[in-house]
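Working notes, beginning with the structure itself.
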Amino acid sequence: MSEKVTEINKPEDNEMKLKLSKEYDFEGQKIGEIDLSGLDNLTAADMIQANKVLTNNGTVSVLPETTLEYDLIIAAGALKMPIEFFKQLKPKDALALKNRVTSFLFGEE
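Residue numbers (numbering that gives the first Met the number 0): 0 to 108.
Shown next as structure tokens:
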């Protein structure tokens, strides 16, 4: 019996898909790919909220948009997923996600 792999926010555009190096079990789902198209719906208010979370966690950064924690918070909000999913990612996947979010925010995609 093969297990079904769930794609978060079924992607319509391959450019916004991030293939993970492994499948992750989260809340009964197997997740092997993330659709980042939700980033298009972010607002400045979302960015301000992410900064507040960083500040409340004691993180200080001159350029928070380039930190792993900030980018995971942004991804969690954009994908409507708990931050706990993103915090369980292996370093390779976490950094790949961070780089995609940073590139998106700075208009490099």
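Ideal placement from N, C-alpha and C gives every residue a C-beta, glycine not left out.
- With a cutoff of 9 Å on beta-carbon distance, L53 and V100 are scored as not near each other.
- Around the beta carbon of L71, a 10 Å sphere encloses 16 or more other beta carbons of the protein chains shown; the residue is thus reported as buried.
- In this structure, the alpha-carbon of Y69 lies about 9 Å from that of K97.
- Taking F25 as reference, the option from E64, Q48 and E83 with the minimal CA-CA separation is E83.
- Proximity to I73 across G31, N50, E32 and L94 peaks at N50, based on C-alpha coordinates.
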